[in-house]
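**Student:**
Number of protein chains: 2
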Amino acid sequence: METEKYQVLPEEPLRLPKGFLAGGLHCGLKKTERHDLGAIVCEVPAVSAAVYTTNLFQAAPLTVTRDSLSAGEGLRAVIVNSGNANACTGKQGLDDARKMRESFAEALQISAQQVAVSSTGVIGELMPMEKVMSGIERLPAVLNRDGGEDFCQSILTTDLVKKTASVIVTIDGQPVMITGVAKGSGMIHPNMATMLGFITTDAVISEPGLHALLKEMTDATFNMITVDGDTSTNDMVLAMASGQAEHLPLHEHHPDWLAFKQAFAYVAEVLAKAIARDGEGATKLVEVTVSGAPSTEAARAIAKTIMGSSLVKTALFGADANWGRIIACVGRAGVVVATEQVDIRLGEFSVLEKSRPVPFDDEAATEYLKTADTVTIEVDLHDGEYASKAWGCDLTYEYVRINAAYRT
Amino acid sequence: METEKYQVLPEEPLRLPKGFLAGGLHCGLKKTERHDLGAIVCEVPAVSAAVYTTNLFQAAPLTVTRDSLSAGEGLRAVIVNSGNANACTGKQGLDDARKMRESFAEALQISAQQVAVSSTGVIGELMPMEKVMSGIERLPAVLNRDGGEDFCQSILTTDLVKKTASVIVTIDGQPVMITGVAKGSGMIHPNMATMLGFITTDAVISEPGLHALLKEMTDATFNMITVDGDTSTNDMVLAMASGQAEHLPLHEHHPDWLAFKQAFAYVAEVLAKAIARDGEGATKLVEVTVSGAPSTEAARAIAKTIMGSSLVKTALFGADANWGRIIACVGRAGVVVATEQVDIRLGEFSVLEKSRPVPFDDEAATEYLKTADTVTIEVDLHDGEYASKAWGCDLTYEYVRINAAYRT
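Sequences listed follow chains A and B, in order. Going letter by letter, the first sequence gives residues 1 to 408 in UniProt numbering. Going letter by letter, the second sequence gives residues 1 to 408 in UniProt numbering.
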């Protein structure tokens, strides 16, 4: 095991990398007095990259953000609202997202294409632009170096907890900070679990380098969580690098590249796991590890199939060491693997070896599943050298209650 | 709409096509005194075809059945047990399945490869062969023309109701019967929803013709139902034709081919819908119709994605006319469709037109979702000429309870 070359910072107070300000306020999109509009702003054009939902129906803000990034000027700001997703809102929705971008750019006296826009909340309802515009007017005044916490609050919907991660990694002997903020799967009228992630750093890095890193890390973390298998119209992860740390530009051959990559991966993984743990109705975090796979793609497909199975998820809620449901997922993941040599472990309990059940202490296993804060499922295919992890949660009465509740 | 050319027979008493006998008995695989071993037997070698689960981990009986069918002698019998799936049981399991085949063949004085074997129940436990063998000894004596009902009972696990369908269709002026029996998604220790279907007919048809028809009908019916997205190790649908009806052999150019096909489709669809309606914890049957698709595959992928969505299924349990979750499924089904012209109807309620929400009577829609015995979701993509249906059920507290219950 390699030593980790980064230092994890405390969650509170949330620190921002050099060059960044943040803040949030209540403009009236949420019914209660909670923050619903926030922004991260960079003092200089930040090298920026984003990944988006694969859903064909993409919300208006995603179109606007793509347009801003395509200008290649570097982002100076991202503005985010919660309470309304601005999805399935047609031409008016697109006009509204553009207006949010332009008004915030004007307020900051920067160009419109230096602003990204992100929304989460109700879909199919037009954005109440009067409220939003009044919020945008007030927003610049609340931005500051300690505003990460307020920003954090402003992007939450029915998330039970805020999700942040922050680390310092040493590059060329200089401290470089990476700070991430995310929101997860809260129930939204008319209900959609949307995942948003914002990662800032003061590292010096090129746009292609940042984009490749973000894509690679998203595939291994944010794209490996599942709460219920549904994919939102608004999902987006945005990375911004201010370049204000004092080191030589990062690239694949930089001696500290691996350290930076590990630190970035840590931030992405903490956020992804926090989203999974806070899944609707969840009582526990579940981590599935598939190893011995013939390819990374195979390992990922199987890990996600296990983590997405309602039968596996209800068994975990019921503390049932049900390996039958797990092996059935391995077999239906759409990946060809050797069927005679699969090992399965639940926590410390080996339950299947070479695809055959082995005796285990059922009572102790049940106790483990009942009490563990994080349940681990390990599947070794003995059919290659690749591995992957997926994260999710159990399927509970509370999930059904939350999602079956009448819209009111 | 074409007129249906078949006559639906009453469910009780279940009639068998000419040439078939059936029966069932209790041999001790189930703890209570319910039937757990049954058979369908044909007086002559029946033209036979089967389709199997796509799960990589296939139970031993499937291997044995494939072997029998590959001999091409025509099946004289299928023996089915419930209570033990004989899956993940290794070489011993395969030996046991073979022994079931050979012993039953011996009891009937036919060749082993004229017998198919099918099992459903617990996985990972060896078949209690002493009980099974005593049952096989007694089985021939209980077979008779009215034994369909007993057979039906013998294949159920925790199904709440039996699933049958029977029709008469006229071919060359002669009555031809098609009778189907199925079992669905019952909870089995350690829990797996297995689907089994057995369709018998006295039609005169070739093996390739029967196989092609079974495959086509299974793709449109049994393969279009989803209870929780999991695929069992034991799923199988078997068709047997005794050829004892008096008509010219059926083939694609026979003037009554379409009538036969419709009648066969009816039987398969009734069984598939019965399985969906009896899904674990279900309170209602849900029928999703996707039309205006660029291909059948696209229509099927979208229909199955909608029907498989936990968010859609919980909304239906909660009587929530939540079109947002439906459109999100259309967008993540892995199929490229035009995103600006999607219509969605829930029952009689138009909720989305050209991908935009339209006002509807929310209270009346909720009332419909609450009270309808079968809820229909119609999605028109306006992007082609193909259509497909999928069936399933809602996701309820009871589903979680059934599947989270400790194995005891």
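Every residue gets a Cβ at the ideal spot worked out from N, C-alpha and C, and that includes glycine.
Give the DSSP bridge partners of I402(A), in chain order.
**Tutor:** In the first sequence, counting from the first residue as 1, residue 402(A) sits at position 402. According to DSSP, I402(A) bridges with nothing at all.
**Student:** Please list, in chain order, the chain A residues whose beta carbon lies closer than 9 Å to that of C88(B).
**Tutor:** The residue labelled residue 88(B) in the question sits at position 88 within the second sequence. Correct list: W323, G324, I327, L352, S355, R356, P357.
**Student:** Return the Cβ separation of K31(B) and A259(B) in integer angstroms, given the expectation that the two are a contact with Cβ distance under 8 Å.
**Tutor:** To locate residue 31(B), count along the second sequence from 1; it is residue 31. To locate residue 259(B), count along the second sequence from 1; it is residue 259. Contact doesn't hold; Cβ gap of about 45 Å is too wide.
**Student:** Taking Cβ-Cβ distances shorter than 9 Å, what residues in chain A pair up with G331(B)?
**Tutor:** One-based indexing of the second sequence puts residue 331(B) at position 331. Within 9 Å Cβ-Cβ: T53, T54, N55, L56, F57, Q58, T231, T233.
**Student:** Any Cβ of chain B within less than 8 Å of the Cβ of P317(A)?
**Tutor:** If you number the first sequence from 1, residue 317(A) lands on position 317. The sequence given here has Phe at residue 317(A), not Pro. At least one chain B Cβ lies under 8 Å of F317(A).
**Student:** So, helix, strand or coil for L21(A), using DSSP?
**Tutor:** As a position in the first sequence, residue 21(A) is number 21, starting the count at 1. L21(A) falls in the strand class under three-state DSSP.
**Student:** Establish whether the CB of A405(A) and some CB of chain B are separated by less than 8 Å.
**Tutor:** For this step, residue 405(A) is matched to residue 405 along the first sequence. So, interface residue.
**Student:** In whole angstroms, what separates the C-alpha of D230(A) from that of F57(A)?
**Tutor:** Mapped onto the first sequence, residue 230(A) falls at position 230. Mapped onto the first sequence, residue 57(A) falls at position 57. C-alpha separation (whole angstroms): 13 Å.
**Student:** For the region 241-252 of chain A against the region 198-208 of chain A, do three or more pairs of beta-carbon atoms, one drawn from each stretch, fall closer than 8 Å, so that the two count as touching?
**Tutor:** Cβ pair count under 8 Å is three or more, so yes.
**Student:** List the residues that DSSP assigns as beta-bridge partners of C42(A).
**Tutor:** Residue mapping note: residue 42(A) aligns to position 42 of the first sequence, counting from 1. Answer by DSSP bridge pairing, in chain order: F20(A).
**Student:** Looking at C-beta atoms only, is the number of pairs between the region 382-398 of chain A and the region 284-296 of chain A that lie closer than 8 Å three or more?
**Tutor:** Result yes; three or more Cβ-Cβ pairs closer than 8 Å.
**Student:** Between the region 113-127 of chain A and chain B, which residues of the former have a C-beta closer than 7 Å to a C-beta of the latter?
**Tutor:** Answer set for the region 113-127 of chain A: I123, G124.
**Student:** Could you confirm whether any beta carbon from chain B is found closer than 8 Å to the beta carbon of P190(A)?
**Tutor:** Locating residue 190(A) in the first sequence gives position 190, where the first residue counts as 1. Reliability fails at P190(A), whose pLDDT of 39 lies under 50, so the model's placement of it is uncertain and no value is given.
**Student:** What residues from the region 208-228 of chain A come within 7 Å of chain B, judged by C-beta to C-beta, listed N to C?
**Tutor:** Answer in chain order: D228.
**Student:** Output needed in chain order: residues of the region 304-316 of chain B with a Cβ under 7 Å from some Cβ in chain A.
**Tutor:** Residues S309, S310, L311, T314, A315.
**Student:** Taking Cβ-Cβ distances shorter than 8 Å, what residues in chain B pair up with Y397(A)?
**Tutor:** Position 397 of the first sequence, counting from 1, holds the residue named residue 397(A). By Cβ distance, chain B contributes Y397, V400, R401.
**Student:** Please state the DSSP three-state secondary structure of P190(B).
**Tutor:** As a first step, residue 190(B) must be located in the second sequence, where it is residue number 190. Residue confidence is low: P190(B) scores 40 on pLDDT, short of 50, so the model does not pin down where it sits. Its coordinate-derived value is still stated next. Coil.
**Student:** Give me the Cα-Cα distance between R66(B) and K389(B), rounded to the nearest whole angstrom.
**Tutor:** Working through the second sequence from its first residue, we reach residue 66(B) at position 66. Working through the second sequence from its first residue, we reach residue 389(B) at position 389. Rounded to the nearest angstrom, the two C-alpha atoms are 29 Å apart.
**Student:** Taking only the alpha-carbon atoms, compute the straight-line gap between L75(A) and V41(A) and give it to the nearest angstrom.
**Tutor:** Taking the first residue of the first sequence as position 1, residue 75(A) is located at position 75. Taking the first residue of the first sequence as position 1, residue 41(A) is located at position 41. Those two C-alpha atoms are separated by around 9 Å.
**Student:** Starting from S291(B), trace the alpha helix (DSSP H) both ways and give me its first and last residue.
**Tutor:** Here residue 291(B) corresponds to residue number 291 of the second sequence, with the count starting at 1. Careful: S291(B) lies outside any alpha helix (DSSP H), inside the beta strand (DSSP E) at 285-293.
**Student:** Verify the CB distance criterion: does T339(A) have a CB-CB separation below 8 Å to chain B?
**Tutor:** In the first sequence, residue 339(A) corresponds to position 339, counting from 1. So yes, T339(A) belongs to the interface.
**Student:** Among Y399(B), I171(B), G90(B), Y52(B), which one has its Cα closest to the Cα of A116(B)?
**Tutor:** In the second sequence, counting from the first residue as 1, residue 116(B) sits at position 116. The shortest Cα separation from A116(B) among Y399(B), I171(B), G90(B), Y52(B) belongs to Y52(B).
**Student:** Could you give the distance in angstroms between the alpha-carbon of T226(B) and the alpha-carbon of L271(B)?
**Tutor:** Position 226 of the second sequence holds residue 226(B). Position 271 of the second sequence holds residue 271(B). Computed Cα separation, rounded: 13 Å.
**Student:** For Y52(B), which residues does DSSP report across the bridge?
**Tutor:** Counted from its first residue, the second sequence places residue 52(B) at position 52. Paired residue(s): M236(B).
**Student:** Would L21(B) and R15(B) qualify as a contact pair, given that the criterion is a beta-carbon distance under 8 Å?
**Tutor:** Reading the second sequence from its first residue, position 21 is the one you call residue 21(B). Reading the second sequence from its first residue, position 15 is the one you call residue 15(B). Their beta carbons are not under 8 Å apart, which means L21(B) does not touch R15(B) by this criterion.
**Student:** Where DSSP assigns a beta bridge to N84(A), which residues make up the other side?
**Tutor:** As a first step, residue 84(A) is located in the first sequence; it is residue number 84 there, counting from the start. For N84(A), which the question treats as bridged, DSSP gives the partners T120(A), V122(A).
**Student:** Below 8 Å on C-beta distance, what does V336(B) contact in chain A?
**Tutor:** On the second sequence, residue 336(B) is found 336 positions in, with the first residue counted as 1. Simply L56.
**Student:** For the alpha helix (DSSP H) that contains D67(B), what are its first and last residues?
**Tutor:** One-based indexing of the second sequence puts residue 67(B) at position 67. It spans 60-71 - the alpha helix (DSSP H) in which D67(B) sits, taken as one unbroken run.
**Student:** Quick check: the region 330-340 of chain A against the region 120-129 of chain B, are at least 3 beta-carbon pairs closer than 8 Å?
**Tutor:** Result no; under three Cβ-Cβ pairs closer than 8 Å.
**Student:** Would G180(B) and T164(B) qualify as a contact pair, given that the criterion is a beta-carbon distance under 8 Å?
**Tutor:** As a first step, residue 180(B) is located in the second sequence; it is residue number 180 there, counting from the start. As a first step, residue 164(B) is located in the second sequence; it is residue number 164 there, counting from the start. Yes, the Cβ-Cβ distance between G180(B) and T164(B) is below 8 Å.
**Student:** In this structure, how does DSSP classify I110(B) when only helix, strand and coil are distinguished?
**Tutor:** On the second sequence, position 110 is the one that residue 110(B) refers to. Three-state DSSP puts I110(B) in coil, outside helix and strand.
**Student:** Compare the Cα-Cα distances from L210(A) to each of H251(A), G184(A), S232(A), S310(A) and report the closest residue.
**Tutor:** Here residue 210(A) is taken as the residue at index 210 of the first sequence, counted from 1. Among H251(A), G184(A), S232(A), S310(A), the Cα nearest to that of L210(A) belongs to H251(A).
**Student:** Please confirm whether M1(A) has its beta-carbon closer than 8 Å to some beta-carbon of chain B.
**Tutor:** By 1-based counting over the first sequence, the position of residue 1(A) is 1. Legend: pLDDT at M1(A) = 41, less than 50; position of this residue unreliable, value from coordinates given subsequently. For M1(A), the answer is no, since every Cβ of chain B falls outside 8 Å of its Cβ.
**Student:** Between the region 394-404 of chain A and the region 311-320 of chain B, do three or more beta carbon pairs fall short of 8 Å?
**Tutor:** Yes: the two stretches touch, three or more of their Cβ pairs being nearer than 8 Å.
**Student:** Any idea what DSSP makes of S320(A), helix, strand or coil?
**Tutor:** Working through the first sequence from its first residue, we reach residue 320(A) at position 320. Sequence inspection shows Asp at residue 320(A); the Ser mentioned does not correspond to that position. Residue state, collapsed to three classes: coil.
**Student:** Given a threshold of 16 other Cβ atoms within 10 Å of its Cβ, counted over all protein chains shown, does R145(A) qualify as buried or as exposed?
**Tutor:** As a first step, residue 145(A) is located in the first sequence; it is residue number 145 there, counting from the start. Burial call: exposed.
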